[in-house]
Amino acid sequence: MKLHQKGYLLVELSKAANLWDYQLINKALFEYGESDAYREKTLRIALDELAAAGLIKRIEEKLETKWGKAKLYFRYQLSDFGRTRMQDTGLLPTKNKE
Amino acid sequence: MANPVIKSQLLAQALHRHYSRNQRWGFMWALWTAILWGVWYVPSTALWFEHPYVDIPADQQTLRLAATAVMTWVHAITVFLFLLLWNLVLGKVKDYGRTMVRFRKISKWYALASLCGGPMAIFGSYMAMGFIGPVFAAVTSLFYPVIGAVIARLWYKEKISQRAAIGMAIIIFGGVVIYGPGLFGEMDITNNHAWLGYVGGIMSAIGWGTEGAVASRAMDVSDPDVGIHCRFTFEILFWGVLILPALSLFTDFPIGSLIIDTITHGKAMLWILLASACHAYCYTSFYKSFSLIGVGRGEAIGNLYAVFALIFIAAFTLQLPAWYFVVGLVLTVLGSFVMFSEPAESIANLREVDNPAGPTPGQMEGV
Chain A
188 MKLHQKGYLL
198 VELSKAANLW
208 DYQLINKALF
218 EYGESDAYRE
228 KTLRIALDEL
238 AAAGLIKRIE
248 EKLETKWGKA
258 KLYFRYQLSD
268 FGRTRMQDTG
278 LLPTKNKE
Chain B
911 MANPVIKSQL
921 LAQALHRHYS
931 RNQRWGFMWA
941 LWTAILWGVW
951 YVPSTALWFE
961 HPYVDIPADQ
971 QTLRLAATAV
981 MTWVHAITVF
991 LFLLLWNLVL
1001 GKVKDYGRTM
1011 VRFRKISKWY
1021 ALASLCGGPM
1031 AIFGSYMAMG
1041 FIGPVFAAVT
1051 SLFYPVIGAV
1061 IARLWYKEKI
1071 SQRAAIGMAI
1081 IIFGGVVIYG
1091 PGLFGEMDIT
1101 NNHAWLGYVG
1111 GIMSAIGWGT
1121 EGAVASRAMD
1131 VSDPDVGIHC
1141 RFTFEILFWG
1151 VLILPALSLF
1161 TDFPIGSLII
1171 DTITHGKAML
1181 WILLASACHA
1191 YCYTSFYKSF
1201 SLIGVGRGEA
1211 IGNLYAVFAL
1221 IFIAAFTLQL
1231 PAWYFVVGLV
1241 LTVLGSFVMF
1251 SEPAESIANL
1261 REVDNPAGPT
1271 PGQMEGV
């Protein structure tokens, strides 16, 4: 069975030093075979919730204009708290500190 | 090419808009919680005036508690169905399954939340109502945000700013002003069973306060719409697999006939359906607000149910509340505005963990 979506976003972020939101969203849309704007919005809200809870942090932001509309993008990174929470909830294996 | 100063101003404005939008949504969900919680009192009170509940004499407290257990179970099942509909529309049913199966690490927290908010808080509230009175039960429940905020603060360092704490205190005080004067007519020092009511009052405040903090533990890594669905799945199981069979086996209460009478009696089921529609979306809003504005703020704004409950009851019974309701109303609204006046950026990060408040450009690392 696939991971639940918030869990998937966290796992993908844990594999990279950091990722832009659109990179994460594209990975998730592909993983779950989804494509519409509503799904994209749902994933953006999930990222906002993860950032508010302190599991991931925004390390950069940019404003880009697409089809005449300015859109805000964030680059995210997993926080130490997020890593601990992932281990608590079985999303990352617990390992000894290096 | 745009001037870098203008570019950075535009970016700052866009960021502020983004955080303000999240803050607004968080408070809006919390307000919906309060409204729907207030409406919920109308059908759930009306249910006590229908067969089989109307036939239970007021002095048979234990039978009333057993009937409450039956009522809560049937109610939880219908709430589950409304949540299923919600998640079908949102396309989150698969995610519900994916979250439920991770019991040992994730969904067990929803199970614990359902124990806190279900059997502990609801049962406690009914004990407070039965052994002291409904006003006492309402007043003790008003203190649950304090418990929730303290647990969230100690357990995972949720930030409670001075302004949020002041707002929370004003809202609770407003609630006490609304219900408090009624207490004088209700307290009876000669009542030997009053201690059971006090225990019940404490159980309800601790139960509802703890529920938010416990559920947030799982919501850190899962979706709130899915989370509330998991919570009610466990509540159905607690009542249906443990409590009701135990009551049926070890007591003489007519649990089986109460269940059959409830589901075969059209009017009782109509009130249960109306109550559970309110309750399902009230709880959905409740959980959604936690992930955007935190447990402390979400629960405090949710406390405005004290105001909405009286407004809706007055609208349906045409009995106007006492004059001090207006004072309580002003206080609760004032408290809400104090909380809402916090800068949106401070709510963008709810925990005092290793994150800086808000984004810090320039900390970028290469992918």
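Listed in order, the protein sequences are those of chains A and B.
Under the working numbering, residues 188 to 285 are what the first sequence spells out, in order.
Under the working numbering, residues 911 to 1277 are what the second sequence spells out, in order.
Note that beta-carbon positions come from the ideal geometry of N, C-alpha and C, so glycine has one too.
Everything numeric in this text was worked out from a predicted model, so none of it was measured.
- Of all residues in the region 232 to 244 of chain A, only I232, A233, D235, E236, L237, A238, A239, A240, G241, L242, I243, K244 place a beta-carbon less than 9 Å from a beta-carbon of chain B.
- In the DSSP assignment, the residues bridged to F261 of chain A are A:E248.
- Classified as buried, H1189 of chain B has 16 or more neighbouring CB atoms from the shown chains inside 10 Å of its CB.
- Per DSSP, the unbroken alpha helix (DSSP H) holding F1196 of chain B starts and ends at 1176 to 1203.
- Residue contact with chain B for A215 of chain A: absent (no Cβ-Cβ distance below 8 Å to any residue of chain B).
- In terms of Cα proximity to Y1054 of chain B, the closest of B:C1026, B:L1183, B:D1135, B:V1151 is B:C1026.
- A contact between stretches requires three or more CB pairs, one per stretch, nearer than 8 Å, and the region 1175 to 1194 of chain B fails this requirement with the region 1054 to 1070 of chain B.
- Within the region 240 to 274 of chain A, contact with chain B at the beta-carbon level (separation under 8 Å) is assigned to A240, G241, L242, K244, R245, I246, E247, E248, K249, L250, A257, L259, F261, R262, Q264, S266, D267, F268, R272, M273.
- With a cut-off of 8 Å on Cβ pairs, the region 1044 to 1051 of chain B is not in contact with the region 220 to 228 of chain A, counting fewer than three such pairs.
- Collapsing the DSSP output to three states places I232 of chain A in a helix.
- Cβ-Cβ separation between A986 of chain B and E1145 of chain B: approximately 5 Å, consistent with a contact (criterion under 8 Å).
- Contact annotation for R1063 of chain B against chain A: no contact, minimum CB-CB distance about 14 Å [criterion: below 8 Å].
- Under DSSP, I243 of chain A takes part in a beta bridge, and its partners are A:L265.
- Short of 6 Å from the beta carbon of I1088 of chain B, and not among the five residues preceding or following it, lie these beta carbons of its own chain, in chain order: A1216, F1235, G1238.
- Residue-level contact by beta carbon holds for G277 of chain A and chain B, with a gap shorter than 8 Å.
- Looking at the backbone, the Cα of G1245 of chain B and that of L242 of chain A are separated by about 30 Å.
- DSSP places V1045 of chain B in the uninterrupted alpha helix (DSSP H) bounded by 1044 to 1051.
- Proximity of K1015 of chain B to chain A, defined by a Cβ-Cβ separation below 8 Å, is satisfied.
- Look at the region 922 to 944 of chain B: the residues with a C-beta under 7 Å from a C-beta of chain A are A924, L925, H928, N932.
- Between the region 1029 to 1038 of chain B and the region 1104 to 1124 of chain B, the count of C-beta pairs closer than 8 Å reaches three or more; the two stretches touch.
- Within the model, the alpha-carbon separation for S954 of chain B versus M1249 of chain B is close to 30 Å.
- Rounded to the nearest whole angstrom, the CA to CA distance from F937 of chain B to A1210 of chain B is 10 Å.
- Among the residues of chain B, those whose CB is under 9 Å from the CB of G194 of chain A are R1008, T1009, R1012, I1016, V1131, S1132, following chain order.
- Chain order gives the chain B residues near K189 of chain A as R1008, where near means a beta carbon separation below 7 Å.
- Chain B has a Cβ within less than 8 Å of the Cβ of L197 of chain A.
- Between L250 of chain A and A924 of chain B the beta-carbon gap is near 5 Å, inside 8 Å, which marks them as a contact.
- Counting the other Cβ atoms within 10 Å of the Cβ of R1014 of chain B gives fewer than 16, which makes it exposed.
- Looking from the CA of H961 of chain B, the closest CA among B:Q1229, B:D969, B:Q919, B:I1173 belongs to B:I1173.
- Between G1150 of chain B and W983 of chain B, the gap from beta carbon to beta carbon is short of 8 Å.
- Fully enclosed alpha helix (DSSP H) runs of no fewer than 4 residues occupy 1104 to 1129, 1134 to 1147 of the region 1076 to 1157 of chain B, in order along the chain.
- Contact between G1206 of chain B and E1068 of chain B holds: CB atoms are separated by about 6 Å, below the 8 Å threshold.
- By the Cβ-count criterion, F1218 of chain B is buried, with 16 or more other Cβ atoms from all chains shown falling within 10 Å of its own Cβ.
- In the structure shown, the three-state DSSP call for L196 of chain A is helix.
- Straight across, the Cα-Cα distance linking P1164 of chain B with L1154 of chain B is about 10 Å.
- For A1123 of chain B, the nearest beta carbon of chain A is not closer than 8 Å to its own beta carbon.
- With a cut-off of 8 Å on Cβ pairs, the region 1186 to 1204 of chain B is in contact with the region 1119 to 1134 of chain B, counting three or more such pairs.
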